[in-house]
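Let me begin by presenting the structure, written as structure tokens, before commenting on it.
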Amino acid sequence: MAFQSPSSPEPGAVFFDRREFNLLLRLYGQMVAQGEWRDYAIDANSDRALFSVFRRAHDQPLYQIEKRPALAQRQGAWSVSGQGGMILKRGHSLTAVLRLFDKTLLRVVE
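For the sequence shown, this note's numbering assigns the number 25 to the initial residue and increments by one for each residue that follows.
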């Protein structure tokens, strides 16, 4: 994958708006504070935007949060995939899809 600076995504690329990006970074910050995640990557293509999270920088992504506007009228523009590409949750709103991680955030502390 070639590196592109965030200020110059490919023309016509799908990207996250400010509200979506803030939600993603808030979740990322919470998971980093718990020691679950350590790195992330953002990718903008002509048909989708990806926010990938990693346990370590050289690993495969633990999760990929995808925005694909072409699917908005069908199964929903948002999805979360786990390792191996299996879709864990799909929906019409980013907030609803990110609830998948609520179980991880609500751990019992002894």
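Cβ atoms here follow ideal geometry from the backbone N, Cα and C, with glycine treated the same way.
A quick note: this is a predicted structure, and the numbers were derived from the prediction, not measured.
(message) Within 8 Å, do at least three Cβ pairs link the stretch 50-69 to the stretch 96-113?
(response) no
(request) Give the DSSP bridge partners of Lys113, in chain order. (result) For the purposes of this step, residue 113 is taken as the residue at position 89 of the sequence shown. DSSP output for Lys113 lists Val104 as bridge partner(s).
(request) Report the three-state DSSP secondary structure of Leu86 (helix, strand or coil). (result) Within the sequence shown, numbered from 1, the residue matching residue 86 stands at position 62. Note: Leu86 maps to coil in three-state DSSP.
(message) So that I know if they touch, is there some Cβ in chain C lying closer than 8 Å to that of Ile89?
(response) Within the model displayed, chain C is absent; a lone protein chain is all it includes.
(message) In the DSSP assignment, the alpha helix (DSSP H) including Leu120 goes from what residue to what residue?
(response) The sequence position of residue 120 within the sequence shown is 96, counting from 1. For clarity, residue 120 is Ala in the given sequence; the question names Leu instead. Start and end: Leu118 to Leu122.
(request) Identify the continuous beta strand (DSSP E) that holds Ala96 and give its terminal residues. (result) Within the sequence shown, numbered from 1, the residue matching residue 96 stands at position 72. From DSSP, Ala96 is part of no beta strand (DSSP E); its letter is neither H nor E.
(request) Please name the residue, chosen from Asp41, Arg80, Leu47 and Gly108, that lies closest to Ser88 on a Cα-to-Cα basis. (result) Here residue 88 corresponds to residue number 64 of the sequence shown, with the count starting at 1. Going by the sequence as given, residue 88 is Gln instead of Ser. Ranking the options by Cα distance to Gln88, first place goes to Gly108.
(request) Pull up the DSSP beta-bridge partners for Val77, would you. (result) Along the sequence shown, read from residue 1 onward, the residue named residue 77 stands at position 53. Val77 is bridged to Tyr64 and Tyr87.
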